[in-house]
Structure formats: structure tokens, C-alpha cells
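Read top to bottom, the protein sequences are chains A and B.
Under this note's numbering, the first sequence has 535 at position 174, and the numbering climbs by one with no breaks.
Under this note's numbering, the second sequence has 434 at position 73, and the numbering climbs by one with no breaks.
Protein chains: 2
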Amino acid sequence: MLDVRRLRLLRELAHLGTIAAVAEALSFSPSAVSQQLSALEKEAGVPLLERTGRRVTLTPAGRNLVRHAESVLALLEQAGAELAHAKRGLAGPLRIGTYPSAARAIIPAALAELAAWHPGLEPMVTEVDPAAVGAALRAGELDVALVHEYDLVPADPEPGLAVTRPVFTEPMYLAARHPGTVAEQRGAPWIMSPPGTLCHSMAVRACESAGFAPRIRHQIDDFTTVLALVGAGQGVALVPHLGTAEPPPGVVLTRLPMYRRTRAAFRAGAGSHPAISAFVSALHTAVPPGLGGGS
Amino acid sequence: MLDVRRLRLLRELAHLGTIAAVAEALSFSPSAVSQQLSALEKEAGVPLLERTGRRVTLTPAGRNLVRHAESVLALLEQAGAELAHAKRGLAGPLRIGTYPSAARAIIPAALAELAAWHPGLEPMVTEVDPAAVGAALRAGELDVALVHEYDLVPADPEPGLAVTRPVFTEPMYLAARHPGTVAEQRGAPWIMSPPGTLCHSMAVRACESAGFAPRIRHQIDDFTTVLALVGAGQGVALVPHLGTAEPPPGVVLTRLPMYRRTRAAFRAGAGSHPAISAFVSALHTAVPPGLGGGS
DNA sequence: GCTTCTCGTAAGCTGAGCTGATGCTCGACG
DNA sequence: CGTCGAGCATCAGCTCAGCTTACGAGAAGC
Numbered sequence: 362m363l364d365v366r367r368l369r370l371l372r373e374l375a376h377l378g379t380i381a382a383v384a385e386a387l388s389f390s391p392s393a394v395s396q397q398l399s400a401l402e403k404e405a406g407v408p409l410l411e412r413t414g415r416r417v418t419l420t421p422a423g424r425n426l427v428r429h430a431e432s433v434l435a436l437l438e439q440a441g442a443e444l445a446h447a448k449r450g451l452a453g454p455l456r457i458g459t460y461p462s463a464a465r466a467i468i469p470a471a472l473a474e475l476a477a478w479h480p481g482l483e484p485m486v487t488e489v490d491p492a493a494v495g496a497a498l499r500a501g502e503l504d505v506a507l508v509h510e511y512d513l514v515p516a517d518p519e520p521g522l523a524v525t526r527p528v529f530t531e532p533m534y535l536a537a538r539h540p541g542t543v544a545e546q547r548g549a550p551w552i553m554s555p556p557g558t559l560c561h562s563m564a565v566r567a568c569e570s571a572g573f574a575p576r577i578r579h580q581i582d583d584f585t586t587v588l589a590l591v592g593a594g595q596g597v598a599l600v601p602h603l604g605t606a607e608p609p610p611g612v613v614l615t616r617l618p619m620y621r622r623t624r625a626a627f628r629a630g631a632g633s634h635p636a637i638s639a640f641v642s643a644l645h646t647a648v649p650p651g652l653g654g655g656s
Numbered sequence: 362m363l364d365v366r367r368l369r370l371l372r373e374l375a376h377l378g379t380i381a382a383v384a385e386a387l388s389f390s391p392s393a394v395s396q397q398l399s400a401l402e403k404e405a406g407v408p409l410l411e412r413t414g415r416r417v418t419l420t421p422a423g424r425n426l427v428r429h430a431e432s433v434l435a436l437l438e439q440a441g442a443e444l445a446h447a448k449r450g451l452a453g454p455l456r457i458g459t460y461p462s463a464a465r466a467i468i469p470a471a472l473a474e475l476a477a478w479h480p481g482l483e484p485m486v487t488e489v490d491p492a493a494v495g496a497a498l499r500a501g502e503l504d505v506a507l508v509h510e511y512d513l514v515p516a517d518p519e520p521g522l523a524v525t526r527p528v529f530t531e532p533m534y535l536a537a538r539h540p541g542t543v544a545e546q547r548g549a550p551w552i553m554s555p556p557g558t559l560c561h562s563m564a565v566r567a568c569e570s571a572g573f574a575p576r577i578r579h580q581i582d583d584f585t586t587v588l589a590l591v592g593a594g595q596g597v598a599l600v601p602h603l604g605t606a607e608p609p610p611g612v613v614l615t616r617l618p619m620y621r622r623t624r625a626a627f628r629a630g631a632g633s634h635p636a637i638s639a640f641v642s643a644l645h646t647a648v649p650p651g652l653g654g655g656s
């Protein structure tokens with residue numbers, strides 16, 4: 362019988378690419394991961410890893426095994442969730458990951474709602490880098506996390522994870538010193554999130570679909586700072602609704618026909634976990650009027 | 362994350378009823394099983410076992426968890442099977458369980474067939490009590506086993522196991538000193554297998570459906586002995602075709618409109634294991650003409 | 001009442017699996 | 001072309017999960 366702990370390591374390897382990263386994610390030493398994967402190969406009887414250069418790649422048999430591992434882990438997750446259903450009175454820690462603007466705008470109300478219904482639950486919120494959310498969920502460091510996606514940036518579903526329908530949908534705004542459209546900002550300096558983030562891709566694609574490549578001057582992630590810079594005449598930016606609370610004087614927001622959708626993500630199979638579904642309903646209740654769920 | 366080894370113990374407990382039996386089946390000490398199940402309950406956070414008198418029963422939550430455990434174990438089995446597919450050249454041991462008459466009649470030819478196609482395979486045949494076959498398969502002592510069922514005795518599908526379509530179907534015969542029907546043997550002494558066996562239930566029900574309760578004189582399992590007793594005038598009996606090779610002088614066999622079907626059984630998920638499917642095809646090829654597969 | 005069967009607990013030991021150190025190989029860079 | 005760093009494998013050593021053995025308690029059967 363294949364060892365599930367080892368299958369988990371293999372799955373992480375498939376996602377993270379290197380043994381060192383797997384070790385980092387699960388807080389082991391790389392040596393331990395290497396040993397366990399060797400043991401897994403031995404019990405499989407088939408080579409699963411291939412040393413290519415100074416990294417390892419999965420063989421086709423390995424990738425196939427990862428597919429099965431995903432199913433097994435999801436099933437175990439589901440079993441755990443049903444077990445939690447049987448418990449009377451939800452209790453214990455619930456580790457929540459979120460991105461900054463949601464943390465400010467939605468999370469407090471959602472936690473209050475959650476505490477009202479399930480006083481035994483101990484929610485623990487962590488602000489996490491959206492890019493690392495998947496790994497943190499899979500590694501078991503988080504139970505549920507808020508993730509977002511943009512109209513222009515298709516969110517590829519991460520294997521091993523599942524998401525809810527959108528919890529809320531915000532319109533995007535062009536933040537500038539005067540009202541206008543994106544196309545009219547062809548020559549203006551832009552303020553964007555650092556490359557590699559979803560926000561960055563979204564803004565670049567918005568400009569491209571308006572027919573130009575943006576001239577990027579500042580790379581800032583925090584929308585409050587972004588708006589301050591816009592107010593200081595340093596450029597223009599795209600900000601989602603949650604980032605527009607109290608715009609500084611001089612900043613004009615023009616609503617655009619673009620949206621950012623926020624969903625809750627969790628390990629596949631954990632969707633029926635009572636604590637997670639309770640949190641998701643609390644989220645839905647806590648959404649400020651005007652930001653309907655959308656689909 | 363729930364521990365799969367422990368889930369396996371829980372599943373065995375659901376089937377076998379007592380911790381001692383589980384320990385026996387998996388060659389542990391009862392203490393070890395008890396400890397592991399306690400640990401499982403602790404990580405589940407819900408009571409799974411209930412002490413009732415001097416045994417334990419599963420709580421509803423426990424039974425539900427067993428359902429999930431079955432799925433997980435089947436999935437792991439399937440993953441192992443696909444892994445074996447990736448191996449070039451089937452090799453290694455294949456532990457086969459069988460009941461006596463099949464062992465004599467079918468197994469030798471099937472093994473020859475199997476060896477011709479897969480010389481690397483090392484089949485190991487064990488004659489096992491049909492009642493214990495399920496436990497032996499689940500405990501991993503056997504990989505595949507021949508099991509049979511009778512027209513009159515519905516075989517309830519054992520959870521955690523799967524069976525093939527019938528490999529062959531034998532007619533049943535009435536063995537007596539003179540040709541005749543079952544109904545005509547109302548007053549005769551009967552020779553049957555010991556109570557608790559499928560053969561026994563089958564014979565009793567055959568008599569009942571002919572309108573009488575049989576007078577049982579001898580309880581013998583081995584069909585060669587049974588026929589010898591019939592020849593010695595000790596009674597009449599029902600024997601399947603495979604039990605009728607070389608009937609002793611004086612014994613007359615009358616074919617009945619009743620059948621015994623033989624199938625191969627294995628752990629759920631293992632049906633796609635190449636060694637098992639190879640054995641099953643070898644079985645089909647080795648079936649003597651006249652005993653078509655049936656359905 | 002005594003025996004027998006069952007499960008649970010305690011104590012002690014063994015081995016799976018972890019860490020940390022070391023060495024090798026491959027790619028990047030001056 | 002040599003050096004350096006990143007990444008993986010291997011080895012030695014230690015720790016703890018989990019096994020066995022021993023014992024006790026409670027329930028059924030004679």
C-alpha cells in the first residue's frame with residue numbers, strides 16, 4: 362500500500378518544482394524529503410523522478426501518480442470535513458489567509474458575523490502574498506483564503522484546491538486627476554503593482570486592450586499609497602473598489618466596465634468542512650451592499 | 362490529515378467486529394490496534410467506537426468514516442495498479458486463493474497459461490476457506506481469489522472487494538444410486554457440507570424449494586469423499602460439475618437446472634492491476650470447454 | 001463464584017524517519 | 001576557464017511513534 366504522506370510530498374514536488382521548495386513549504390529538511398521520495402520510488406517500483414541538470418522532474422508515471430494523490434488527498438480532506446460535521450458546536454482554530462484590501466474592508470465584519478454564530482471558533486487571519494496562497498493552503502498552513510481574479514486575467518484553477526462562487530464583485534476605477542477613459546491615458550505615467558502580480562498583468566492588459574503599452578513609473582502594491590501618488594500628480598492607476606476608500610483630494614475616480622471578483626479558496630474536499638462553510642456564509646453576509654456576489 | 366493506516370484498522374474493525382480479530386488478521390497485538398484506534402478517535406475529535414459489553418461497536422460517525430476509508434483505500438489500490446502498469450514486464454509474487462475443486466480443475470491450466478505469457482510472475486496458490494477469503498484479501502494476504510456463488514444463495518457484495526463477471530458456470534448434479542429428481546429424495550439421508558458454508562445453504566434451500574426439509578446424515582466438504590459415500594449407499598448429495606470427476610461405480614449423476622458460478626475477487630481498485638487482470642484472462646482461457654463464462 | 005473472553009493502560013524497546021554534515025554535479029558569471 | 005552557488009544524494013546519529021509484553025477491569029457463560 363502506497364504511503365500517503367509520501368504521496369503528499371510527491372504532489373508538492375509537482376507543484377513547487379524542487380525538493381528544497383517542498384522541504385521549505387512543509388518545514389522539513391531537504392534531506393528528509395529526498396529520503397522519503399526515494400522510499401516512495403522504491404515502493405512504487407517505477408522511477409518517478411528524473412534528475413535533469415541540478416533539479417528533478419517527474420516522469421510520466423510520476424505525474425500520473427500525482428493525479429491519484431490529488432484524489433486521495435481530496436477524499437481524506439472530505440472525510441475530515443464530515444467528521445467535523447459530527448462534532449457538536451464548531452470549535453478550534455480556523456486559519457484564514459487574505460490579501461490586504463479585503464483584510465481591511467471585509468474581514469472584520471465577516472469575523473464578527475462568524476463569532477456571533479460560532480463563538481467557539483478561533484479565527485486566525487494572516488495577510489499573505491496572493492502568489493503564495495496556493496502553496497500555503499496545500500501545505501496546511503492555512504485552511505481557507507480569499508483570492509481574487511480580474512476580468513482580463515483568467516485564473517487557472519490550481520489542482521488540489523477548490524474555490525467558491527464569487528463572494529463579491531467590485532468594479533475597477535481609473536484613478537487620475539481628471540475624469541477620463543483608459544485610452545486617454547496613453548501618454549501618462551502609470552502606477553502599477555510590481556511585475557508578476559495579478560494586478561500588474563491586469564493593468565497592463567487593460568492598457569493593451571485600449572491600444573497602447575503603458576509607461577510604468579512607479580511600482581507600488583498598496584492602494585492607499587497609489588492614490589496618494591495619483592493625488593501628488595505622479596501618474597494614473599487602476600484601483601478596485603475596495604482600494605478607493607477615502608480618496609485624497611484631487612483624485613478623480615472614473616468607474617470602468619471591468620471587475621475584480623473575490624472568492625474563497627480551500628483544499629479540494631474541504632468545502633464541506635463546517636468551519637469553512639460557516640466562514641464562507643459569514644463572508645457573504647458581511648459583503649457591503651452594492652457589491653453583490655456576481656458569478 | 363487523517364492517518365490512512367489507522368483508517369484501515371477502522372475498516373477492518375467494521376468488518377470483523379472485534380479488536381482482537383483485527384489484530385489477528387493484520388498480525389498485530391490487540392493492544393497495538395487499540396492504541397491506534399484511540400489515536401484515530403483523538404485526531405477525529407469525535408467518538409468513533411462505543412464499548413458495548415465486552416466488545417466495541419462503531420458509532421454512526423465511525424461507520425461514515427469507514428465509508429470514506431473504503432474509497433480512499435480503493436483509490437490507493439488503483440494508484441498502485443496503474444503504477445504496476447508502468448513497469449515493463451510483469452514480475453513478482455501474485456498470491457492466489459482458491460477453493461479445493463477449482464484448485465484441482467482450473468488452477469493448473471490457468472497457471473500454465475499465465476506462465477506462458479508472463480514468465481516473470483511468481484504465482485503462489487493457497488487453498489483457503491471460502492468464508493475467510495474476504496478477510497484475507499483485505500488484510501493483504503491474498504491478491505486475488507476464486508469465489509463461488511449458487512443460484513439459490515445470493516452473494517452479498519463485500520464492501521472493499523470487487524469481483525469479475527463469472528469465469529465459468531457449472532451445472533449442479535444430484536448424486537444418488539438411481540436417476541431422479543431432488544423432490545424424489547424427500548425421505549433419503551443427505552450428505553452435505555458443514556453448516557455455515559455456502560454449499561450447505563444451497564443444498565438446504567434446494568430441498569426446501571422441492572418442498573421438504575432434508576434429513577442430514579453426513580457433513581463432508583470434500584466432493585470426492587461425498588461421492589464415495591453416495592456410492593456406499595450412505596445417502597444422496599448435490600455436487601457441482603467440478604466435483605464430479607470420475608464418479609465411483611454405482612453413483613448416478615442427474616443434471617439439475619441449477620448452477621454454481623465462479624468469479625475472481627480482489628481488493629476494490631485492484632481490478633486494473635496488470636498481474637490480476639492477466640490472471641483473470643488466463644482463467645478465462647483455461648476454462649474447460651462446456652463451462653462457458655455465463656453471466 | 002470461577003473461568004474466559006474482551007478491551008484498556010503502563011512500561012519498555014525497536015526502528016522509521018528526522019536533522020545536520022559532507023560531497024557531487026550542473027549552470028551562471030566574471 | 002576557473003570559481004561560486006544552487007540543488008540533490010548519502011551518511012551518521014538521534015529521537016519519538018508505535019510496537020510488544022504484562023497486567024487489570026468488566027462482561028458473559030458454565
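For each residue, glycine too, the CB sits at the ideal point set by N, CA and C.
This one's a predicted model, so the numbers in the text were calculated from it and none came from an experiment.
Bridge-paired residues (DSSP) for residue i
| i | result |
| --- | --- |
| P532 (chain B) | B:Y620 |
| V648 (chain B) | Paired residues: none, contrary to the question. |
| Q580 (chain B) | B:M553 |
| F389 (chain A) | In the DSSP output, where bridge partners are listed per residue, F389 (chain A) has none listed. |
| I380 (chain A) | Paired residues: none, contrary to the question. |
| L522 (chain A) | A:R628 |
| P421 (chain B) | For P421 (chain B), which the question treats as bridged, DSSP gives no partner whatsoever. |
| H509 (chain A) | A:T623 |
| P454 (chain A) | A:E483 |
| T615 (chain B) | B:L535 |
Whole-angstrom C-beta distance between residue j and residue i, which should lie under 8 Å
| i | j | result |
| --- | --- | --- |
| E402 (chain A) | L410 (chain A) | 7 Å |
| A523 (chain B) | F627 (chain B) | 6 Å |
| G406 (chain B) | L434 (chain A) | Not a contact, Cβ separation roughly 19 Å. |
| A564 (chain A) | P575 (chain A) | 7 Å |
| V528 (chain B) | A625 (chain B) | 6 Å |
Cβ-based burial, residue i [other Cβ within 10 Å; buried from 16]
| i | result |
| --- | --- |
| F573 (chain B) | exposed |
| D504 (chain A) | buried |
| A440 (chain A) | buried |
| P608 (chain B) | buried |
| A598 (chain A) | buried |
| E531 (chain B) | buried |
| S399 (chain B) | exposed |
| E569 (chain B) | exposed |
| W551 (chain B) | buried |
| E438 (chain B) | buried |
| T657 (chain A) | In the structure as shown, chain A starts at 362 and stops at 656, and residue 657 (chain A) therefore has no counterpart that could be examined. |
| T413 (chain B) | exposed |
| S462 (chain B) | buried |
| T623 (chain A) | buried |
| R657 (chain A) | Given that chain A is displayed from residue 362 to residue 656, the structure contains no residue 657 (chain A) and the question cannot be resolved. |
Cutoff 8 Å: residue i Cβ touching any chain A Cβ
| i | result |
| --- | --- |
| Q439 (chain B) | yes |
| H429 (chain B) | yes |
| S388 (chain B) | no |
| M485 (chain B) | no |
| L401 (chain B) | no |
| L535 (chain B) | no |
| L426 (chain B) | yes |
| M362 (chain B) | yes |
Proximity test, Cβ basis, 8 Å: residue i and chain B
| i | result |
| --- | --- |
| L398 (chain A) | no |
| E531 (chain A) | no |
| V433 (chain A) | yes |
| A643 (chain A) | no |
| V365 (chain A) | yes |
| L660 (chain A) | Only positions 362 to 656 of chain A appear in this structure, which leaves residue 660 (chain A) out of reach. |
| L374 (chain A) | no |
| E443 (chain A) | yes |
| L371 (chain A) | no |
| A447 (chain A) | yes |
| L436 (chain A) | yes |
Contacting positions in the stretch 403–421 of chain A - beta carbon closer than 7 Å to chain B: A405, G406 and V407
Going along the chain, which residues of the stretch 495–514 of chain A sit with their C-beta nearer than 8 Å to a C-beta in chain B? G501
Taking any Cβ of chain A, which residues in the stretch 614–646 of chain B have a Cβ under 8 Å from it, in chain order? none
Selection of the stretch 463–482 of chain A by Cβ proximity to chain B, strictly under 9 Å: none
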